[in-house]
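Just so you know, the sequences run in chain order A, B and C.
Under our numbering, the first residue of the first sequence is numbered 68, with each subsequent residue one higher.
Under our numbering, the first residue of the second sequence is numbered 1483, with each subsequent residue one higher.
Under our numbering, the first residue of the third sequence is numbered 34, with each subsequent residue one higher.
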Amino acid sequence: MKQTEISSERNSSTDAQNLEPWTNPTVVGKPLPRVDGYERVSGSAIYPADLILPDMLHAAILRCPHPHAIVKNLNTEAARKSPGVRAIVSSADPEGKLVIPYPWWVPEGPPVLLFDQHCRYQGEEVAALAADTPYQAYDALRLMKVEYEELSHLLHAQDALKPGQPLLHNTGNLVRRPDTYQRGDLAKGFGEADVLVEETYETSCEIHATVETHVAVARWEGEQLTVWVPTQAIYEEQKSLAATLRLPVSSVRVISQYVGGSFGCKAELSKHTLIAALLARKTRRPVKLALSREESFLCAGNRPPNVMCLKAGAKKDGSLTALEFTNLGAVGAYADWADAAGWAAGSYACPNIRTQDTEVYINAGKARAFRGPGAAQSAWALEQMIDMLADKIGMDPVEFRLKNVPATHPRTGEPYTSIELRECLLKGAEAFGWTKARVARASSSDPVKRGVGVASCRWITEGGPPTTVIVTLFPDGSATLNMAAADQGTGTKTIMAMVVAEELGIPLQKIHVEHADTGTTQYGKSGGGSHSVMVYAPAVRAAAADVKRQLLEIAAGELKRPAIELSLKDGKIVPVREPGQPKNLSELKDLTRREQIAGIGHPPPEPKGRLIASFGAQFAEVEVNVHTGEIRVIRLLACHDSGRVMNPLTHESQIFGGMVMGIGFALTEQRVLDDHQTGRMVNANWHDYKIPTAKDVPFDQLCLTIDPKDAECNSAGAKGVGEIGTVPTAPAIANAVYHATGIRVTQAPISPMQMLALLAARREAR
Amino acid sequence: MTRNVAITVNGTERRASVEPRLLLVHFLRENAGLTGTHIGCETSLCGACTVLMDGRAVKSCTVLAVQADGRQVTTVEGLASGDQLHPIQEGFWEEHGLQCGFCTPGMIMCSHDLLGHNSNPSDGEIREALNGNICRCTGYQNIVAAVKNAARKMSKPIAARAGAR
Amino acid sequence: MLPKFSHVRPSSLRQAVQQLASSGSHVHAGGTDLLGCLRDGVFGAEKIVSITGIGELRGINSREDGAVRIGALTTLSEVATSPLIAQNYALLAQAAAAAASPQLRNQGTIGGNLCQRPRCWYFRGDFQCLRKGGDTCFAINGENEFHCVFGGSRCYIVHPSDTAPALVALDARAHIRGPLGMRVVPLGSFFVLPALDLARENVLRSGEIITHISLPPLAPGSISSYRKVRARGSWDFALAGLALALKLTGRRVDWSRVVLSGVAPIPWRSSETEKVLLGRDLNPRTLREAADAATRGAEPLSQNGYKVELVRGIVEESLRAIMESHPETPSERT
């Protein structure tokens, strides 16, 4: 017994990079409140918008009101003379020609000029100024005179490649060569099918709409630039700013300690950040630039709209024989991603598949990664298609999905480190009371129809290097964790502090987290792709283990015992053979002399030949009032395999929040462009762009989990949870609406307006 | 063009000479330096800027500072006494009624208004009371739990609460 | 950010009316609509005249003749939670509670709710539309899913108020003070169709202020309700709404008021529906005919045909609920 303990101690202390996941953690896995909760509930958290620096100026941006236009003339004279104005930048300045680099995940695209005289989207930046107060900045903005030559605009992906349409870039309207994937023999697969279904699905452009708009505060000290900006990716922003301003990377410091929500829209250098930096350099005063809500709707990213044509076949026994998935997506005016089809190739075990993603430019704000990018749109189509097939062969939709759960990744053939999709479906269905709920229907005379729906999901996550974190232990038993990770609300700080507490046996209250500052923290991957826990938990654990190793070595020297006979419990050194005689850290003279022990950690490489993915199934119950088209989601149940749940509170909150975002995607959210006239967005505000409120979400939400005890994915045993929660919700709701009404709504969102129109059309058809 | 105002913020009278167009939220953030009241839309929609004016929740982006002249304004910074958080603040923390925290001060102030006239609200009443506050992160579930947590605590005598802590 | 304006806060109605005489002056009560319009440049203001210092504009009182007086500065919250209103005019309490969001109901006033400007996204947005002095109604060929199906001509706004249709259904009257003294206008004649005037939504002339609303007593035993359908659960204007007041004997309709919201540039009283109901028993056939009458004459635009379905739906649904909660008309009376 003791022997085992000792050897496990040795494992963890000598080989920090190859730790096994915890077997009986005492801190990790507990529902602990956030370590940064105090500042968030007390109002003392300083988000970048809250910074008030001495002598600070306030900037505002003049934006093109047209979706497509040439700036013929810009007159800033009156604005320049307006009270309080200190500086103006525009295309007339050399800085106007600066080119903003694309983030690393967008390998190429047409150059993005800071102030391009050819404006390709409504809201494109034309000029900017800084003044003593925000009111003065906006007063001056109203005095700027611009003469535009309006160009004809392109708003729909379906039109982009037709002849005679306006060309956004001299390379044309195609973003990149269409991405095609194929396996098996599609024609043969369709031939083998007992049933075939064909359908076109559309999703609407959805806006991230974080409650905090984008904002930047810039300050120069000599040639040293500091920028406070809410971002998931401090190093991405630092690199891009340095490249644009031709500064050494070390001369740019990006700080992002509080982020008021992101969901993917705050992960790359935005023009406003560069503008703040330029105005601050011109004036040699700090500059704050906060976007308005309207600006954030127009030019701070979105989930691109997709048109998805699917054809699928299945046998009577429920096995999928073939799937063809063709997607057309509109990225907006500059390069990004609007893919969807490729995701479907990995979802189910289907031998014959062809997917194609075509992405085009349109005259609208550029897309940015948005929680489950591509996967959410793909699921809207595929998960409804699966239900249509199940319906056609008369099979239960849960059973149909169970029939087609893949054993390995269908596209690459690689096995997953763990996959509990089957269990998610089974456990979820049972807890939901699926079988009973499928049968129970409202009486035919009642205008309120009830229905239930299911959808499943998968999200591939990648952890691994490069990332460096440092854990520092002090003789009083307190510790500092230093890491690059931002915390956009997910609880990363809390979870990582828990990892330190777990590893070093010291209380959470004694751990301080220093983070998200390129000036003081080491390089770390950005918080995106649901990988924060996968990247940082192993790295933090390795750093803490490094501290522990050094500490035990010191203790071994002082206590004249081999290190492997010592352990660290509750912040004390405990001899394994005499657990009753612990020694306080402050009693270790060597430690006191050294003042601190610093441990460094990196995430180990990803397991070779294995894929890491999270899985889940969600169940929705809806009520549809066929007299009014009103749709209420009355129940949501999620059952997810995200590996180890590091903290049930933060995990569940990710799922609840993801599902509610899915409600918005399914029922209410939609960018509306003035289609046949001006091409401008008519609902760039929070009244007309409808985000779910507390009254739009069901009281009854449940989040179940399945822990596959994944020992391969990483040393935390955890997979990602940030994005997957939003992926299956919308199609589960759409499937429930079909179950309730018999109407298949292929176009998101399923507004009462659309529902009523479809109900009326059906009545007429009868 | 400026007007003199005297606004009592969190119990302290603040006098200033302001433009009539200055919004209360800007007065609080820029003049009084109380940045816990956040701006999410400046158009009365999101509720991030909710404060109490004479005890009732209002959206401070839709109140002029001159309108608040002579009135009592409470912001999130005014709830705690010393380092003892208000039970509503504790509720939001303990129940994880927040993620990014940006909407949280507004949610807390609106909950304060609710619990002021309904000490034991149902789920539905809480959702009704908070429907003018947008949260993009949490899905509202734990926010409702936070308000219930606070209601439980506030119905107990203060001494018992301190002991429980 | 708001543009510049001056601000005055007179302490009497007389002073307020004087202050409003200069051009570019706007009344400021709760400010929930005014400040948004100014910020978004829907219209400009030289001066805003706060009427919040005028005490006589506040409060809800019952008068000796059984009528109820609601001061124009009474907040929507006060209207929604007043026992006096809830007991006598359930419809109005429900409509006030269905408006906006809790904070805005604490700020917004009943007078302001009646005078709020349209929510048409072209009118509110950066579009020089007809109502703002331009030469185009963008809704005609544009995104008109939320626009009117009744009463439109040249301009296709809907009236955004929830309390307005309720007050029309309750035969309320607006008491107005202006440079020429007081006048009283029934709410049913207070609102103005675009065919009559494109620049304003009601009969208020420059310098006029609503001082209070008076509500006549409803006949004993009357019932009333407000049903609002919106695209999301709160802080949303009506896709369509129904303000309904009825006096029944058993299931027989002795008197009714049927006023629709969200479908016309003014609260849309459907006298046709009232005629169908008068003297008839509520039964499936009456319900169907009432719904037909309520939708008769609708002229949908390209994207808002659903509103016709919706009106049909809420008329039938509301009447059915009343029918089912009332005993069949005693046979000796029919």
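Heads up, the beta-carbon is just placed ideally off N, CA and C, and yes, glycines get one too.
State buried or exposed for residue i, treating a residue as buried only when at least 16 other CB atoms are found within 10 Å of its CB.
i: Met211 (chain A); result: buried
i: Ser45 (chain C); result: exposed
i: Gly480 (chain A); result: exposed
i: Glu13 (chain C); result: Look at the range of chain C in this structure, 34 to 367, and you will see that residue 13 (chain C) is not part of it.
i: Ile119 (chain A); result: exposed
i: His1599 (chain B); result: exposed
i: Arg468 (chain A); result: buried
i: Trp171 (chain A); result: exposed
i: Pro671 (chain A); result: buried
i: Thr267 (chain A); result: exposed
i: Ala228 (chain C); result: exposed
i: Lys229 (chain A); result: exposed
Compare the C-beta of residue i against all C-beta atoms of chain C and say whether one is closer than 9 Å.
i: Thr267 (chain A); result: no
i: Glu1610 (chain B); result: yes
i: Gly1614 (chain B); result: yes
i: Ile342 (chain A); result: no
i: Arg153 (chain A); result: no
i: Gly787 (chain A); result: no
i: Ser1499 (chain B); result: no
i: Ser1601 (chain B); result: no
i: Ser1604 (chain B); result: no
i: Thr1532 (chain B); result: yes
Please tell me whether residue i has its Cβ less than 9 Å away from any Cβ of chain B.
i: Ser83 (chain C); result: yes
i: Leu771 (chain A); result: no
i: Phe160 (chain C); result: no
What number of angstroms, rounded off, separates the C-alpha of residue i from the C-alpha of residue j?
i: Phe270 (chain C); j: Ala132 (chain C); result: 8 Å
i: His59 (chain C); j: Gln149 (chain C); result: 12 Å
i: Ser257 (chain C); j: Asn94 (chain C); result: 20 Å
i: Gly1560 (chain B); j: Leu716 (chain A); result: 28 Å
i: Pro353 (chain A); j: Met728 (chain A); result: 36 Å
i: Leu181 (chain A); j: Arg260 (chain C); result: 50 Å
i: Pro104 (chain A); j: Ala116 (chain A); result: Note on residue identity: the sequence assigns Gly, not Pro, to residue 104 (chain A). So the two alpha carbons sit approximately 19 Å from each other.
i: Gln737 (chain A); j: Cys1523 (chain B); result: 18 Å
i: Val698 (chain A); j: Val689 (chain A); result: Looking at the sequence shown, residue 698 (chain A) is not Val but Ile. Whole-angstrom Cα-Cα distance: 7 Å.
i: Val316 (chain A); j: Glu191 (chain A); result: 28 Å
i: Thr367 (chain C); j: Leu200 (chain C); result: Note that Thr367 (chain C) has pLDDT 44, beneath the 50 cutoff, so the model's placement of it is unreliable and the number below is only indicative. In a straight line, the C-alpha of Thr367 (chain C) is about 32 Å away from that of Leu200 (chain C).
i: Ser79 (chain A); j: Val580 (chain A); result: Residue placement at Ser79 (chain A) is poorly supported in this model, since its pLDDT is 40, which falls under 50; the coordinates still yield a value, given next. Roughly 23 Å separates the two Cα atoms.
i: Leu456 (chain A); j: Gly520 (chain A); result: 14 Å
i: Glu466 (chain A); j: Pro775 (chain A); result: 21 Å
Return yes when the Cβ of residue j is within less than 9 Å of the Cβ of residue i, no when it is not.
i: Pro43 (chain C); j: Ile103 (chain C); result: no
i: Leu1505 (chain B); j: Leu1534 (chain B); result: no
i: Ala300 (chain A); j: Val294 (chain A); result: no
i: Asp246 (chain A); j: Gly439 (chain A); result: no
i: Glu569 (chain A); j: Pro92 (chain A); result: yes
i: Ala136 (chain A); j: Ile342 (chain A); result: no
Going by the C-beta, is residue i closer than 8 Å to any heavy atom of the ligand GDP?
i: Pro92 (chain A); result: The ligand GDP is not among the ligands present in this structure, which contains no ligands whatsoever.
Check whether chain A comes within 9 Å of residue i, counting only Cβ atoms and requiring the distance to be less than that.
i: Ile1590 (chain B); result: yes
i: Arg1503 (chain B); result: yes
i: Asn174 (chain C); result: yes
### Task
Please list the segments of the beta strand (DSSP E) lying wholly inside the segment 560 to 632 of chain A, counting only runs of 3 or more residues, in order along the chain.
578 to 582
### Task
Kindly provide the ranges of any beta strand (DSSP E) runs that are 3 or more residues long and lie completely inside the segment 480 to 547 of chain A, ordered along the chain.
515 to 527 and 536 to 540
#### Entry: 3 or more residues per run - each beta strand (DSSP E) lying fully within the segment 254 to 283 of chain C
Complete beta strand (DSSP E) runs here, min 3: 256 to 262 and 273 to 282.
#### Entry: alpha helix (DSSP H) runs wholly inside the segment 442 to 476 of chain A, at least 4 long, in chain order
442 to 460 and 464 to 470
### Query
What runs of the beta strand (DSSP E), each 3 residues or longer, lie entirely inside the segment 133 to 216 of chain C?
206 to 211
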